[in-house]
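Engineer:
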Amino acid sequence: MTAHSMHGRYARMFAFWALLAFVAYGCFKGDGLADRIASWMGDADRTFIDPFPILKTLKASTCIAIGVLAATAFVIMSVLNRPRIANVLTEAEVELTKVTWPSWAEAWQGTIAVVVMVLVLFVFLTICDWLLVRAWLLLVAGGVG
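The end of the sequence shown is residue 1446 by this note's numbering, with every number in the run present.
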């Protein structure tokens, strides 16, 4: 591998695993693809191995969901390795190496500044709201009587 082809490798790997994690979540998390297929199959959803690591049981519906996940992994890998997309990911990775990242102390100071500002705005807007509600009640009560 040349130095240039290594430049987007990590970006493509991250994109691949992140997308695959989303698909896997959709396949196996509660009421996901595996559960939907199991409900469609009903009694025909045969159990192959019980208990099965991570997935609890290995059923026909689970095997179909694993097949969908494998096919999706192949499609994701094919799409991410297209020259146009690979170039975009390569350029993004190169640009990220140029970023000056804050130190932990700078990040902490920024976080504290944001939290303080949010609290100040919260107090200010709460007081304004209270005053406007009081003024409205005085106007409405004064107009009625």
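We put the CB at the ideal spot given by N, CA and C, even for glycine. Everything numeric in this text was worked out from a predicted model, so none of it was measured.
#1: Mapping the DSSP letters down to three states, classify residue 1428 as helix, strand or coil.
#2: Per DSSP, which residues does residue 1348 bridge with? Please list them.
#3: If the criterion is Cβ atoms closer than 8 Å, does the pair residue 1366 and residue 1393 meet it?
#4: Straight-line CA distance for residue 1362 to residue 1378?
#5: Compare the C-beta of residue 1328 against all C-beta atoms of chain C and say whether one is closer than 8 Å.
#6: Applying the 10 Å Cβ sphere with the 16-neighbour rule, what's the burial state of residue 1324?
#7: For residue 1310, which option in 1413, 1432, 1387 has the closest C-alpha, if you only look at C-alpha atoms?
#8: For residue 1351 and residue 1313, what's the separation of their Cα atoms in angstroms?
#9: In whole angstroms, what is the alpha-carbon distance linking residue 1397 and residue 1374?
#10: Taking C-beta to C-beta, are residue 1349 and residue 1357 nearer than 8 Å?
Structural biologist: Put simply:
#1: helix
#2: 1360
#3: no
#4: 24 Å
#5: Among the chains of the structure shown, chain C does not appear; only one protein chain is present.
#6: buried
#7: 1387
#8: 36 Å
#9: 26 Å
#10: no
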